[in-house]
Amino acid sequence: MVAPIVRNRPSQSSRMSIFNLFIRILLWPIRYFLQLIFPPLEYDGLSPAVTSKAAEAFSAYLTQVVPTVSHLPWATMGFAACKNEALHSNALLLVYLHSPLHRDADKVAAKFCREEITSVLANPHIVPLGVSIHSSQGAQLAQLLNSVAYPMVAVLQPSRGNSLEVVLKIQGPVLVKLSPLALQGHLQNTLQRFEVVIAEQEARRIQREEENQLRAQQDAEYEATLEADRRRQREQEEKQVQLLREQEEMEEAARREKQAKESRIDAARSLLQDEPKEGNVTQIRFVLPSGRKIVRKFNSDDKVKLLRAFLTIYFHENNMDEMPNIGLSTNYPKKAFNDESDYDLTLQEAALSPQAVLMVQDLDA
């Protein structure tokens, strides 16, 4: 079976694009010829340079209408720059569309040079812009502001989304018949309402800043409290670790001491023999630091270190405080047996035979 051949037909949008391109190509010579016959005028175009020149031309026109005014607060830049300034500084944008061919054009323009009006226009919350409707900038503003009569004055207020909204518009015969005082009243009322809005915005901004500061302070206090809790917890953990380490060290020291004690006792047991009954016997009377006396017999050829071994075992078996470093001495004559060189002396060599009284001291006490 042979599959049918599907042919894609050009869509309507593609046909319209081709048609528009054809028309542009066809009309381009005519447009070029018209530009040669009718070249662009001085104020044609919406570039910053052209719009600024149009605004400067209007300011120059006002000085011709009222030569006695030395300074006028009108802007000398285009609408786009004035809009950016109004949005940036949160100010009103006043737009005056001048109609040069209107029979009362000079009369209305002179109103805006009166002290009553210039004092309002000099307010830092107003950006005044004047432009002729015969310029490209003026034609654009006339369309943008839906102007139906001239001359016209409109006040635009910043709104959300970096846009402007019209809050006052006076045009045509109403503006022509309006007295300077009445026009001043309209402008001042609009300015006062806007200043109320500014005050509310400023109050909300200050409130937001205070709330942010309070929130930041609360966050800082919370972080400080949290850090203090963490520090206390770390200190407790470190203290517990230290206590555990000290306990382990104490247990280790006790274990080592016990091992040392057991080693001393075992060593003493290995040295000590049973008490002799007969033969070459020496009787030793030990006087403990508490005053207690112990009598025990040894062989005369036993060494002095056996006396220490006997005392070690005696203290252990009678649950007495141990003396790891036992000192032995006689009173008459005064002699001590505390050097290691004395340990290997026999009792006879140490002049302790056949009997002697030894004072027992704790050398570590």
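Be aware that the sequence shown starts at 4, since it is given in the working numbering, and climbs by one per residue. For every residue, glycine included, the Cβ atom is placed at its ideal position computed from N, Cα and C.
- The beta carbons of Gln-187 and Glu-118 sit no closer together than 7 Å.
- Of all alpha-carbon atoms in Leu-348, Leu-95, Arg-237, the one lying nearest the alpha-carbon of Val-199 is that of Leu-95.
- Boundaries of the alpha helix (DSSP H) harbouring Asn-215: 183-274, taken from the DSSP string.
- Check the Cα spacing between Ala-354 and each of Arg-234, Val-363, Phe-340: the tightest is with Phe-340.
- Residue environment for His-101: buried (at least 16 other C-beta atoms within 10 angstroms of its C-beta).
- Under a 10 Å Cβ-count criterion, Arg-311 is classified as buried, with 16 or more other Cβ atoms of the shown protein chains found around its own Cβ.
- DSSP places Glu-168 inside the beta strand (DSSP E), whose first and last residues are 166-174.
- Taking 4 residues as the minimum length, the alpha helix (DSSP H) runs contained wholly in the stretch 44-112 are 51-68, 82-92, in order along the chain.
- Around the beta carbon of Ile-33, a 10 Å sphere encloses fewer than 16 other beta carbons of the protein chains shown; the residue is thus reported as exposed.
- Under the three-state reduction of DSSP, Asn-23 is assigned to helix.
- Closest in C-alpha terms to Pro-327, from the list Ala-270, Ile-287, Gln-204, comes Ala-270.
- Scanning Arg-207, Leu-97, Thr-79 for the CA closest to the CA of Thr-193 turns up Leu-97.
- For the set Met-362, Val-151, Trp-77, Gln-143, the Cα lying nearest the Cα of Pro-127 is the one of Trp-77.
- In terms of Cβ geometry, Leu-65 and Leu-75 form a close pair [threshold 7 Å].
- Sequence-distant Cβ neighbours of Val-307 in its own chain, meaning closer than 6 Å and more than five residues away, are Phe-340, Asp-345, Tyr-346, Leu-348, Ala-353.
- Assignment of Asp-345 by DSSP, reduced to helix, strand and coil, places it in the helix class.
- Within the stretch 292-327, complete alpha helix (DSSP H) segments of at least 4 residues are found at 307-320, given in chain order.
- Here Ala-125 carries a coil assignment [DSSP, helix/strand/coil].
- Val-134 places its beta carbon less than 7 Å from that of Phe-61.
- Residue Phe-318 holds the alpha-carbon nearest to the alpha-carbon of Phe-289 among Lys-280, Phe-318, Glu-265, Gln-262.
- Secondary structure note for Leu-144: its alpha helix (DSSP H) is the uninterrupted segment 139-147.
- Taking 7 Å as the cut-off, the beta carbon of Ala-152 is found closer than this to the beta carbon of Gln-174.
- In chain order, Val-307, Leu-310, Arg-311, Ala-339, Phe-340, Asn-341, Leu-361, Met-362, Val-363, Gln-364 place their CB closer than 8 Å to the CB of Leu-331, counting only its own chain and leaving out the 5 sequence neighbours on each side.
- Arg-163 sits in coil when the DSSP states are folded into three classes, being neither helix nor strand.
- Here Lys-300 is near Val-284, since their CB atoms are less than 7 Å apart.
- In the DSSP assignment, Ser-332 falls within the beta strand (DSSP E) that extends over 329-333.
- In this structure, Asp-109 and Val-156 do not form a Cβ contact; the two beta carbons are roughly 16 Å apart against a cut-off of 8 Å.
- An exposed status is given to Leu-247, since fewer than 16 other beta-carbon atoms sit within 10 Å of its beta-carbon.
- Going by DSSP, Ala-359 is part of the beta strand (DSSP E) stretching over 358-365.
- The Cβ-Cβ distance between Gln-358 and Gln-286 falls below 7 Å.
- Straight across, the Cα-Cα distance linking Arg-106 with His-137 is about 15 Å.
- The beta carbon of Leu-124 sits closer than 6 Å to the beta carbons of Pro-76, Pro-131 from its chain, once the five residues preceding and following it are set aside; these are given in chain order.
- With a 10 Å radius around the Cβ and a threshold of 16 neighbouring Cβ atoms, Val-158 comes out buried.
- Taking C-beta separations shorter than 7 Å and ignoring five residues to either side along the sequence, the partners of Leu-184 in its chain run Glu-119, following chain order.
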